[in-house]
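Colleague: Have a look at this one before I ask anything.
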Amino acid sequence: MKCPYCGKEMDKGFFNSAKWDYTWTPEGKKPHMWRNHPKEYEVLLKKGWNILQLTAYRCADCRVIIINEDDC
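For the record, in the sequence shown the residue sitting at position 39 is 39 according to UniProt numbering, with numbers rising by one throughout.
Here is the structure:
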C-alpha cells in the first residue's frame with residue numbers, strides 16, 4: 001500500500017492491543033508478551049484495555065497508520 005501523503009510504500013503490520021497498551025507490530029514479527037514493554041521494532045501508540053489485532057499499514061516517514069474499516 002502506498003502512503004497517501006508521501007507516496008512511499010507503507011510497511012504492513014498489525015495494530016494490537018491487550019490490556020493496557022496499543023502497539024503497531026511489523027508483519028512477520030511477534031508482539032511482546034507485555035504490552036507496556038514493546039520490542040524495539042514495535043511502536044507504542046496508546047494505553048488501553050481492549051484486546052484487538054487488526055491489519056494496519058504504517059509510513060514511518062509520515063508517522064501515519066492506516067487501518068481498513070472492513071477489518072474492524
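C-beta: ideal position from N, C-alpha, C; glycine also.
This one's a predicted model, so the numbers in the text were calculated from it and none came from an experiment.
Taking only the alpha-carbon atoms, compute the straight-line gap between P4 and M10 and give it to the nearest angstrom.
Modeller: For P4 and M10, the distance between alpha carbons rounds to 10 Å.
Colleague: From G7 to C59, what does the alpha carbon distance come to, in whole angstroms?
Modeller: For G7 and C59, the distance between alpha carbons rounds to 10 Å.
Colleague: Could you check whether K39 and E27 sit closer than 8 Å to each other, using their CB atoms as the reference points?
Modeller: No, the Cβ-Cβ distance between E27 and K39 is not below 8 Å.
Colleague: By how many angstroms is the C-alpha of T23 removed from the C-alpha of P31?
Modeller: So the alpha carbons of these two residues sit roughly 8 Å apart.
Colleague: Do T55 and E42 come within 8 Å of each other at the CB atom, strictly closer than that value?
Modeller: Contact: no.
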